[in-house]
Amino acid sequence: MSPLGTTAPPRPVPHAAAPVAGDRTEVATRTDPARALTVVRPGMLTTIQDWPARTGYWHIGVPPSGPMDDLSFRLGNRVLGNDEGAAGLECTLGGPALRFAAATWVCVTGAPADVTVDGVPVDHWRTVEVPAGGVLDVGAIRGPGMRTYILVAGGIDVPEFLGSRATFTLGRFGGSTGGALTAGEELPLGAPRPRVAAAVPMDVQPVFGRRWELAVTEGPHGAPEFFTRKDFDTILGTPYEVHFNSDRTGVRLVGPKPEWARADGGEAGLHPSNIHDNAYSVGALDFTGDTPILLGPDGPSLGGFVCPVTVVAADRWKLGQLAAGDEVRFVAVRADRAASPRTLGIGRRASLPVVLSSGGDGDDGVLRRGDVDDETAVTYRRQGDDGVLVEYGTLTLDLGLRARVHALHQHLLGAATAGVVELTPGIRSLQIRVDPAVLPIPRLLDLLAEAETVIPDSASLVVPSRTVHLPLSWDDPSTREAIIRYMHGVRADAPWCPWNIEFIRRMNGLGSVQDVYDTVFDAEYLVLGLGDVYLGAPVATPTDPRHRLVTTKYNPARTWTPENAVGIGGAYLCIYGMEGPGGYQFVGRTTQVWNHSARPGGTVRPGADRFPAEADTPWLLRYFDRIRWYPVEPDELLDLRADFAAGNVDIRTEPGEFALADYRAFLADNADSIAAFRHTQSLAFSAERESWKQAGELTED
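Every position in the sequence shown, counted from 1, becomes a number in our numbering once 32 is added.
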């Protein structure tokens with residue numbers, strides 16, 4: 033058998049029994065100073081990536097990153113004798129020119145491009161020795177495909193951050209500088225091993241085309257709960273076109289608009305795509321309003337939109353090669369027949385861009401249902417072939433459900449079950465990602481059923497709950513700029529334009545914008561999740577329902593949001609951890625919630641909300657913290673942000689605790705006034721929905 037027909041030992045996947053390294057490791061002392069490369073020309077977007085990249089931090093909004101087409105990346109590493117995950121270069125649209133200080137073997141894989149060594153053309157998919165002082169030049173990608181990979185014997189030996197060398201450009205960390213390569217950079221290389229083969233065999237080389245089929249599993253949000261049967265048939269029976277506005281965060285698609293099975297998302301938002309925030313899966317087809325987006329390896333970990341299907345792990349490499357104008361079809365397959373992502377070759381369908389067999393599970397993405405008690409049900413939803421979304425109760429905002437999620441989360445952390453890769457809490461859900469080769473999904477479901485019999489009653493929940501005082505620049509100029517950009521580049525006639533705060537006032541039946549201001553500043557926001565749009569960004573809701581403003585989310589979503597903008601979507605508030613897309617309605621801007629100057633030490637288990645107490649952590653907030661706002665002027669906020677960026681972090685916090693029993697007593701004591709507030713809010717919400725229907729924004733059920 034060819035060496036490429038075997039499975040090389042992968043980089044260890046962290047699970048609850050094997051902590052994820054959280055330190056920043058300096059360049060290994062074994063690196064030979066003579067083994068380095070210099071960037072002569074950086075290319076359009078060339079980044080350092082490794083595989084499986086940054087696992088174990090999904091729960092705080094740190095995406096895995098890594099090569100978007102991991103198949104091409106890993107194949108190149110294999111023939112060079114590297115570990116499959118050794119750091120290499122990902123080139124988007126066009127590649128770099130690199131000068132090597134010492135003779136070095138390289139392999140260029142992925143989408144076709146003109147490749148030369150000292151001006152002499154060389155082939156893709158073959159190992160080539162670049163002489164000392166020689167220049168490897170990778171030109172523009174000719175297509176089909178979108179990304180080319182440069183693998184180097186010994187790998188690129190830059191420091192790790194949160195256990196990986198992968199570059200996350202939006203988060204400004206990983207790689208050599210936290211961004212794309214720049215001219216003049218010098219990158220150290222690791223010690224090489226003997227080559228395995230002269231070339232990647234033809235029968236395992238991916239074939240790229242302009243028409244793709246992606247193997248998907250049903251769920252987590254199928255028909256008839258969220259989509260109609262006709263919607264689901266359309267998703268699986270209609271070709272979608274790849275939109276030009278696509279990147280590593282997600283591949284936007286152009287296709288038919290769903291009819292939807294619901295009139296709206298209730299407390300989660302006015303549009304029927306809105307749900308209470310839960311953890312996403314890489315490869316999920318995420319409907320942000322009516323716009324479908326395939327979430328990529330730099331995508332958000334937590335959000336409030338439905339996902340009807342999920343690309344199986346073995347087919348996710350194809351997302352990295354989808355180019356603008358390509359055609360995509362989704363083919364439902366049985367989850368238990370999806371090829372293992374650890375198996376290369378024909379088992380990954382590498383030689384065909386299409387799926388050879390079809391036939392989904394036919395269960396609408398629901399793996400199992402059960403009851404916690406007489407009042408609370410539990411639903412286990414499929415998230416690809418390597419994940420389960422555990423949901424409690426009905427589609428309502430109930431802090432008792434979040435308490436149940438917390439109890440399950442803590443139980444699984446304590447159990448430290450082998451095969452668990454990530455644990456990510458949502459509002460009323462817990463995402464569990466596994467290595468199916470170690471922990472098959474049916475076995476996981478049995479373990480979860482057993483857990484329900486031993487988890488303590490969530491009514492007795494008492495957890496630490498700090499009060500964190502944060503500045504808020506109300507209606508900040510940066511958020512106004514984002515709205516203007518949205519109107520000019522995405523949608524000018526949206527009901528929330530030109531002023532989100534006025535839209536919030538109208539949707540909640542408040543008398544004036546000052547009432548919106550007073551409601552926000554008088555509220556105490558309880559942090560229910562982290563990583564809502566990246567990097568420790570909280571999703572929070574007022575503890576007092578009388579301060580719980582409800583809005584819908586942008587449809588389509590914004591393409592740009594200023595870092596640390598503060599917005600409301602559904603009944604939730606979010607602080608955006610960094611620049612990027614978004615959909616919450618703006619109320620202002622605050623200071624950073626992620627400290628880029630922090631250098632974390634110690635270790636963290638998947639899903640744990642912080643490192644050991646003595647270690648420095650990049651993220652500011654924790655689950656069940658309570659945020660209180662105080663007003664600042666825009667210029668004052670800029671000064672505070674500059675201080676924070678310089679490492680002068682001065683956030684006032686007060687210790688405390690959150691007890692569910694006490695909170696339920698508060699709700700009972702104030703039931704009448706809470707009901708009156710909700711009634712007024714409901715009337716305004718219905719009126720807004722009716723106006724949307726009259727304007728053609730909504731259709732009859």
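A virtual CB, placed ideally from N, CA and C, is assigned to each residue, including glycine.
* **According to DSSP, residues forming a beta bridge with Leu-327** => Position 295 of the sequence shown, counting from 1, holds the residue named residue 327. BP columns for Leu-327 point to Gly-282.
* To do: Please go through the same chain and pick out, in chain order, the residues whose beta-carbon is closer than 8 Å to the beta-carbon of Asp-682, but skip the five residues on each side of it.
  => As a first step, residue 682 must be located in the sequence shown, where it is residue number 650. So the qualifying residues of the chain are Asp-675.
* Simplified DSSP assignment, three categories, for Ala-727 -> The residue labelled residue 727 in the question sits at position 695 within the sequence shown. In the structure shown, the three-state DSSP call for Ala-727 is coil.
* Asked: Could you check where the beta strand (DSSP E) with Tyr-662 kicks off and where it finishes?
  -> Numbered from its first residue, the sequence shown carries residue 662 at position 630. Per DSSP, Tyr-662 is one residue of the beta strand (DSSP E) stretching across 658-663.
* Asked: DSSP beta-bridge partners for Asp-318?
  -> Numbered from its first residue, the sequence shown carries residue 318 at position 286. Paired residues: Ile-325.
* Taking the Cβ atom as the reference point for each residue, do Gly-688 and Arg-498 lie within a distance shorter than 8 Å? -> Residue numbering aside, residue 688 sits at position 656 when the sequence shown is read from its first letter. Residue numbering aside, residue 498 sits at position 466 when the sequence shown is read from its first letter. Yes, they are a contact pair.
* Thinking Glu-161 and Ala-129 are a contact (beta carbons under 8 Å), I'd like their distance in whole angstroms, please. => Locating residue 161 in the sequence shown gives position 129, where the first residue counts as 1. Locating residue 129 in the sequence shown gives position 97, where the first residue counts as 1. Between Glu-161 and Ala-129, the beta carbon gap of about 17 Å keeps them out of contact (Cβ cut-off 8 Å).
* **Same chain, Cβ closer than 6 Å to Val-470, neighbours up to 5 away in sequence not counted** => Mapped onto the sequence shown, residue 470 falls at position 438. Around Val-470: Ala-450, Gly-451.
* Any 3 or more C-beta pairs closer than 8 Å across the segment 151-167 and the segment 193-205 -> No: fewer than three Cβ pairs fall under 8 Å.
* Just curious, the alpha helix (DSSP H) that Val-111 is in, first and last residue? -> Along the sequence shown, read from residue 1 onward, the residue named residue 111 stands at position 79. Segment 102-112, the alpha helix (DSSP H) holding Val-111.
* Note down the Cα distance separating Arg-348 from Gly-282, rounded to an integer number of angstroms. => By one-based count along the sequence shown, residue 348 stands at place 316. By one-based count along the sequence shown, residue 282 stands at place 250. Rounded to whole angstroms, Arg-348 to Gly-282 spans 12 Å at the Cα level.
* Asked: Taking the continuous alpha helix (DSSP H) assigned at Pro-509, which residues delimit it?
  -> Residue numbering aside, residue 509 sits at position 477 when the sequence shown is read from its first letter. Annotation: the continuous alpha helix (DSSP H) that includes Pro-509 extends over 509-521.
* Determine the DSSP secondary structure at Phe-690, reduced to helix, strand or coil. => Along the sequence shown, read from residue 1 onward, the residue named residue 690 stands at position 658. Reduced to three states, the DSSP call for Phe-690 is strand.
* At what residues does the beta strand (DSSP E) containing Asn-306 begin and finish? -> Taking the first residue of the sequence shown as position 1, residue 306 is located at position 274. If you look at Asn-306, you'll find it in the beta strand (DSSP E) that goes 306-311.
* Asked: When DSSP builds the beta bridges, which residues end up paired with Ala-66?
  -> One-based indexing of the sequence shown puts residue 66 at position 34. Residue pairing by DSSP leaves Ala-66 without any beta bridge partner.
* Which residue comes first and which comes last in the beta strand (DSSP E) that contains Gln-81? -> Here residue 81 refers to the residue found at position 49 of the sequence shown. Annotation for Gln-81: the continuous beta strand (DSSP E) segment containing it runs 78-81.
* **Simplified DSSP state of His-253, which is helix, strand or coil** => Stepping through the sequence shown from its first residue, residue 253 is reached at position 221. Under the three-state reduction of DSSP output, His-253 falls in the coil class, being neither helix nor strand.
* In angstroms, rounded to a whole number, what distance separates the CA positions of Arg-465 and Asp-368? -> Looking up residue 465 in the sequence shown gives position 433. Looking up residue 368 in the sequence shown gives position 336. One C-alpha to the other measures close to 15 Å.
* **Beta-carbon contacts of Pro-503 that lie in its chain and below 8 Å, excluding the five residues immediately before and after** => Numbered from 1 along the sequence shown, position 471 holds the residue referred to as residue 503. Annotation for Pro-503: Thr-622, Thr-623, Trp-661, Tyr-662, Pro-663, Val-664, Glu-668, Leu-669, Leu-672 place their beta carbon closer than 8 Å to its own, counting only its chain and skipping 5 residues before and after.
* Asked: Which value, in whole angstroms, describes the spacing of the CA atoms of Thr-342 and Thr-573?
  -> Stepping through the sequence shown from its first residue, residue 342 is reached at position 310. Stepping through the sequence shown from its first residue, residue 573 is reached at position 541. Computed Cα separation, rounded: 29 Å.
* Asked: Is Phe-264 closer than 8 Å to Ser-305 when the C-beta atoms are compared?
  -> Position 273 of the sequence shown, counted from the first residue, corresponds to residue 305. Position 232 of the sequence shown, counted from the first residue, corresponds to residue 264. Not closer than 8 Å, so no.
* To do: State the start and end residues of the unbroken beta strand (DSSP E) segment that holds Val-750.
  => Because the chain here runs from 33 to 733, residue 750 falls outside it and cannot be looked at.
* Asked: Thr-61 by DSSP, collapsed to three states: which one?
  -> Walking along the sequence shown from the start, residue 61 turns up at place 29. Confidence at Thr-61 is low in this model, with a pLDDT of 39, below 50, so its placement is unreliable and no value can be given for it.
* CB Ile-706 to CB Arg-512, shorter than 8 Å? -> The count along the sequence shown starts at 1 and reaches residue 706 at position 674. The count along the sequence shown starts at 1 and reaches residue 512 at position 480. For Ile-706 and Arg-512, no; Cβs fall outside 8 Å.
* **Three or more C-beta pairs below 8 Å linking the segment 143-158 and the segment 73-92** => These segments do not touch.
* To do: Counting only the same chain and skipping the five closest in sequence on each side, list residues whose C-beta sits under 7 Å from that of Val-582.
  => For the purposes of this step, residue 582 is taken as the residue at position 550 of the sequence shown. The beta carbon of Val-582 sits closer than 7 Å to the beta carbons of Glu-299, Met-539, Asn-540, Gly-602, Ala-603, Gln-713, Phe-717 from its chain, once the five residues preceding and following it are set aside; these are given in chain order.
* Can you check the segment 525-559 for any alpha helix (DSSP H) of at least 4 residues that lies completely inside it and give the ranges in chain order? => The qualifying runs are 532-540, 545-554.
* Which residues bound the alpha helix (DSSP H) around Gly-432? -> Working through the sequence shown from its first residue, we reach residue 432 at position 400. Its alpha helix (DSSP H) spans residues 431-447.
* Check whether the segment 514-528 touches the segment 542-549, taking contact to mean three or more Cβ pairs, one atom from each stretch, closer than 8 Å. => With a cut-off of 8 Å on Cβ pairs, the segment 514-528 is not in contact with the segment 542-549, counting fewer than three such pairs.
* **With 16 other Cβ atoms within 10 Å as the buried cut-off, status of Phe-200** => Your numbering for residue 200 matches position 168 in the sequence shown. Under this definition Phe-200 is a buried residue.
* Taking one C-beta from the segment 528-536 and one from the segment 272-287 each time, how about it: are there three or more such pairs within less than 8 Å? -> The segment 528-536 is not in contact with the segment 272-287.
* Asked: So is Thr-426 buried or exposed if we call it buried at 16+ other beta carbons inside 10 Å?
  -> Here the question's residue 426 lines up with position 394 in the sequence shown. Exposed is the call here.
* To do: Would you be able to state if there are at least three C-beta pairs under 8 Å between the segment 467-483 and the segment 415-423?
  => Cβ pair count under 8 Å is three or more, so yes.
* Asked: Among Ala-119, Val-565, Val-140, which one has its Cα closest to the Cα of Trp-626?
  -> Along the sequence shown, read from residue 1 onward, the residue named residue 626 stands at position 594. Between Trp-626 and the set Ala-119, Val-565, Val-140, the nearest pair of CA atoms involves Val-565.
* Counting Cβ pairs, one atom from each stretch, are 3 or more of them under 8 Å apart for the segment 112-123 and the segment 76-83? -> As far as the Cβ criterion goes, the segment 112-123 touches the segment 76-83, which means the pair count is three or higher.
* Taking DSSP as the reference, what is the three-state secondary structure of Trp-349? -> Counting from 1 along the sequence shown, the entry for residue 349 is found at position 317. Reduced to three states, the DSSP call for Trp-349 is helix.
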